[in-house]
Amino acid sequence: MSIIAVIPARYQSTRFPGKPLAIIDGKSMIQRVYEQAIKVKALDKVVVATDDDRIFEHCNSLNINVVMTSVDHNNGTERITEVVKKENQSFDYVLNIQGDEPFVHIEQIANLCEIISSSKYDIATLAKEISDEAEINSPNTVKLVISNGGKALYFSRYGIPYERNAGHRLMYKHIGMYAFKYNVLLELESLKPSILELSESLEQLRWLENDYTIGVAKTEFESFGIDTPEDINSALKKIKR
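First residue of the sequence shown: 2, per the numbering used here; consecutive thereafter.
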């Protein structure tokens, strides 16, 4: 069994241009993500995928494995697919680790490796129980419903499931990391945007609509994605509590 993790890192961002290079407590964001990933023993290789010379040179200066990719990709999944196609060796599984989560826990990455290598699912991802009411009503927090067997049934920006009967609510938010079977990742490249995906602006709905199974590992660890410069200070305060 062999696993590669790819960390997509784009320079362009509407709310935070150049955020992979943002310095957080002495280290760049992309450096922090990479250093967390390489701690996971189940990973055979970790690579940063970028379309920007500045990020490429920064990674080179830190001896971080980095690959230059096309500027024409629509999402991180397309970018990691280009990377694995360029690899000289084959892998059984591929992880997509978000480049804007500098405080990702190694346990979360290890959980993804474990669930995808079980061979029960085509794709694997993470979820955490929601405890903050504001997240339920926020379209920026993606919610999901999970079967008793641990399979994702649906993802939505809406607060699902609807609580018709009080006292029966158990809601999960999506933690946006993925693991793929290698052959499945290559198949996804040919899928066209789907109705549900276009409605919710969630790529994973394209996969569900095309009958790919997504296994979900539940995590107790919080996710701190960085979308704005202000998010850095907020995340630092939370991890130093």
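Ideal placement from N, C-alpha and C gives every residue a C-beta, glycine not left out.
Closest option to residue 178, judged by alpha-carbon separation, among 70, 61, 204: 204. Under DSSP, residue 215 takes part in a beta bridge, and its partners are 124. In the three-state DSSP reduction, residue 167 falls in the coil class, being neither helix nor strand. With respect to the C-alpha of residue 193, the residue from 127, 79, 155 having the closest C-alpha is 79. Rounded to the nearest angstrom, the gap between the Cα atoms of residue 119 and residue 36 is 26 Å.
When only Cα atoms are considered, residue 150 and residue 125 end up about 13 Å apart. Shown here for residue 211: same chain residues with a beta carbon closer than 6 Å to its own, the five before and five after excluded, namely 192 in chain order.
Spanning the alpha carbons of residue 40 and residue 100 requires a straight line of approximately 16 Å. Per the Cβ contact rule, the segment 48–57 is not in contact with the segment 140–157 (fewer than 3 Cβ pairs under 8 Å). Sorting 224, 207, 209 by C-alpha distance to the C-alpha of residue 175 places 224 at the top. The beta-carbon distance between residue 44 and residue 114, rounded to whole angstroms, is 7 Å. This is short enough to meet the 8 Å contact definition. The way I'd put it, the segment 14–32 does touch the segment 57–65; three or more beta-carbon pairs between them come closer than 8 Å. In this chain, the beta strand (DSSP E) harbouring residue 5 covers 4–10. The Cβ atoms of residue 217 and residue 127 lie closer than 8 Å to each other.
Put simply, of 73, 21, 26 the residue whose alpha carbon is nearest the alpha carbon of residue 58 is 21. Comparing C-alpha distances from residue 87 to each of 77, 76, 69 shows the shortest one belongs to 69. Judged by DSSP secondary structure, residue 62 falls within the alpha helix (DSSP H) whose first and last residues are 54–62.
Cβ neighbours of residue 27 within its own chain (closer than 7 Å, five residues either side excluded): none.
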